[in-house]
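Per our numbering: the sequence shown = residues 40 to 177. Data block below; observations after.
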Amino acid sequence: MDGTFTACPDMWDQVYIIHARSGSTTYPLVFALLPNRQVTTYARLFRLLKTSVQQHLNQPLAQSRVQTDFELAATRAIEREFPQAEIKGCYLHFCQALWRKTQDLGLAVTYREDPELKTFVRRASFGIFSGLVSPEMN
40 MDGTFTACPD
50 MWDQVYIIHA
60 RSGSTTYPLV
70 FALLPNRQVT
80 TYARLFRLLK
90 TSVQQHLNQP
100 LAQSRVQTDF
110 ELAATRAIER
120 EFPQAEIKGC
130 YLHFCQALWR
140 KTQDLGLAVT
150 YREDPELKTF
160 VRRASFGIFS
170 GLVSPEMN
């Protein structure tokens, strides 16, 4: 699950895309125009999706795992509407957040010029695979 803002019509806040994985392939299934990034908005979208799946496929939508960006409101809505689901953060979004933090700390130029800092930041991005870094979802 992820939102995009650049391809969104002006009167909306974002296009929110929900994907599903089948085997090794991921398919975009739902494109939703959302007016804001509030927990209630995401929760309503997820309830509508669950209702639609129940009505059209005659089975409940039961997610065991959800991968999303680190947006707090979306995460809270997923926790509310899919309480049994394991929520995983997206590695790409984690790396983007790490780079934004590097910039926020005024270290972008130093990162480009200092090999030690560059190595440190890159190792931090790989730390999630070794368990050294655990990106928080809340």
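Glycine residues also receive a C-beta, built at the ideal position from the N, C-alpha and C atoms. Note that the coordinates shown come from a computational prediction; the quantities given were computed from them, not determined experimentally.
- Between the segment 120-140 and the segment 99-110, the count of C-beta pairs closer than 8 Å reaches three or more; the two stretches touch.
- Three or more Cβ pairs drawn from the segment 106-119 and the segment 71-79 lie within less than 8 Å of each other, which places the two stretches in contact.
- Here residue 116 is buried, its C-beta having at least 16 other C-beta atoms within 10 Å.
- When DSSP states are grouped into helix, strand and coil, residue 93 belongs to the helix group.
- Beta-carbon to beta-carbon, residue 68 and residue 59 are separated by about 5 Å, close enough to satisfy the 8 Å threshold.
- In this structure, residue 43 places its C-beta atom within 8 Å of the C-beta atom of residue 56.
- If one requires a minimum length of 3 residues, the beta strand (DSSP E) runs lying completely within the segment 115-142 are 125-128, in chain order.
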